[in-house]
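Visitor:
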Amino acid sequence: DTAVSQTPKYLVTQMGNDKSIKCEQNLGHDTMYWYKQDSKKFLKIMFSYNNKELIINETVPNRFSPKSPDKAHLNLHINSLELGDSAVYFCASSQDFNEQYFGPGTRLTVT
Amino acid sequence: AQTVTQSQPEMSVQEAETVTLSCTYDTSENNYYLFWYKQPPSRQMILVIRQEAYKQQNATENRFSVNFQKAAKSFSLKISDSQLGDTAMYFCAFMRKSGGSNYKLTFGKGTLLTVNP
Chain A
1 DTAVSQTPKY LVTQMGNDKS IKCEQNLGHD TMYWYKQDSK KFLKIMFSYN NKELIINETV
61 PNRFSPKSPD KAHLNLHINS LELGDSAVYF CASSQDFNEQ YFGPGTRLTV T
Chain B
1001 AQTVTQSQPE MSVQEAETVT LSCTYDTSEN NYYLFWYKQP PSRQMILVIR QEAYKQQNAT
1061 ENRFSVNFQK AAKSFSLKIS DSQLGDTAMY FCAFMRKSGG SNYKLTFGKG TLLTVNP
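Dropping the structure here:
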């Protein structure tokens, strides 16, 4: 069973479109995250939710809107996609200060 | 704000040899965690090892061990008996232990390790 899953794994779209990435974890963790990995492989936190409550919002443009319908799911919706949004987006989950388990990543390409 | 520095963008090692990846960090916190994550070409992020700052004993996981120097804010990773499967990008990461439910990881820029046959 996959612990943290993301769909889709690859997403190619045009500038100006709106797209969503879904994340689900079956580990029973309370906290979920979205990280962005840019073309130079640098990983940076975007958002964190704890029990469906937004905890971290790291100066991400308003075009990015996370939604957590329940503590097992954290989706990322992106409006008006720009070329600079091209990256790999990782979902992760954890229980308190323990290991963060990462999903397989979604490679987003904006053309 | 915390920062994590990995000064070696790329390293290579011969199979079966030992290699050490360096990591330094800057923080005013006293309680925190440090991690090494591995990202092979498959893109999956995999935890290699974890160290709690209040523990003086260095963490070990099979062929992987760390040299944690709290005063120097240094956290290096030693890989013994390197294997071809160790070829990956290695990220050092910091997590502070305070701040409610703020468990975010702050990553270094990574070290690309290549194990040669």
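Chain order of the listed sequences is A and B. The numbers in my numbering rise by one with no breaks, and the one at position 64 of the first sequence is 64. Plus 1000 on top of the position in the second sequence (first one is 1) and you've got my numbering. A virtual CB, placed ideally from N, CA and C, is assigned to each residue, including glycine. From a predicted model like this one, the values you see are computed outputs, not experimental measurements.
1) Between which two residues does the beta strand (DSSP E) carrying ARG1096(B) extend?
2) What in chain B is Cβ-close to PHE64(A), meaning under 9 Å?
3) Rounded to the nearest angstrom, what separates LEU105(A) and ASN1058(B) at their Cα positions?
4) Is DSSP giving LEU81(A) helix, strand or coil here?
5) Name the chain A residues that come within less than 8 Å of ASN1102(B), Cβ to Cβ?
6) Taking a cut of 9 Å between CB atoms, which residues from the segment 1042–1056 of chain B lie near chain A?
7) Output the distance between the C-alpha atoms of ARG1096(B) and LYS1104(B), rounded to the nearest integer angstrom.
8) For GLY1085(B), which residues in chain A fall below 7 Å Cβ to Cβ?
9) Note down the Cα distance separating TRP1036(B) from LYS22(A), rounded to an integer number of angstroms.
10) Is there at least one Cβ from chain B nearer than 8 Å to SER94(A)'s Cβ?
11) Answer with buried or exposed for VAL12(A), where buried requires no fewer than 16 other C-beta atoms within 10 angstroms of its C-beta.
12) Cβ closer than 8 Å: which chain B residues qualify as neighbours of ILE45(A)?
13) What number of angstroms, rounded off, separates the C-alpha of TYR89(A) from the C-alpha of THR1060(B)?
14) As a quick exercise: from LEU83(A), GLY103(A), GLU58(A), ASP30(A), pick the residue whose alpha carbon is nearest that of ALA72(A).
15) In the DSSP assignment, find the unbroken beta strand (DSSP E) run with VAL110(A) in it and report its ends.
16) Considering only C-alpha positions, which residue in the set THR1106(B), ASN1102(B), LYS1078(B) is nearest to VAL1013(B)?
17) I'd like to know whether the C-beta of GLN6(A) is nearer than 8 Å to at least one C-beta of chain B.
18) Please name the residue in ALA1093(B), ASN1030(B), ARG1063(B) whose C-alpha comes closest to that of ARG1071(B).
19) Spatial neighbours of ASN75(A) within its chain, please: C-beta separation below 8 Å, excluding the five flanking residues on both sides.
20) Nearest to SER1082(B) by alpha carbon, out of PHE1094(B), SER1076(B), ASN1116(B), PRO1009(B)?
21) From SER1028(B), ILE1049(B), VAL1019(B), GLU1010(B), pick the residue whose C-alpha is nearest to that of THR1003(B); which is it?
Guide: Short version:
1) 1088–1096
2) Going along chain B, no residue has its Cβ under 9 Å from PHE64(A), so there is no contact; the nearest lies around 16 Å.
3) Reading the sequence as shown, one finds Gly at residue 105(A) and not Leu. Going from the Cα of GLY105(A) to the Cα of ASN1058(B) covers about 31 Å.
4) coil
5) SER48, ILE55, ILE56
6) SER1042, ARG1043, GLN1044, MET1045, ILE1046, LEU1047, ARG1050, GLU1052
7) 8 Å
8) Residues of chain A passing the Cβ test: none, with the nearest at roughly 18 Å.
9) 26 Å
10) yes
11) exposed
12) LYS1104, LEU1105, THR1106
13) 30 Å
14) ASP30(A)
15) 106–110
16) LYS1078(B)
17) no
18) Here residue 1071(B) turns out to be Ala, not Arg, going by the sequence shown. It is ASN1030(B) whose Cα lies nearest to the Cα of ALA1071(B).
19) SER20, ILE21, LYS22, CYS23, PRO66, LYS67, SER68, PRO69
20) ASN1116(B)
21) SER1028(B)
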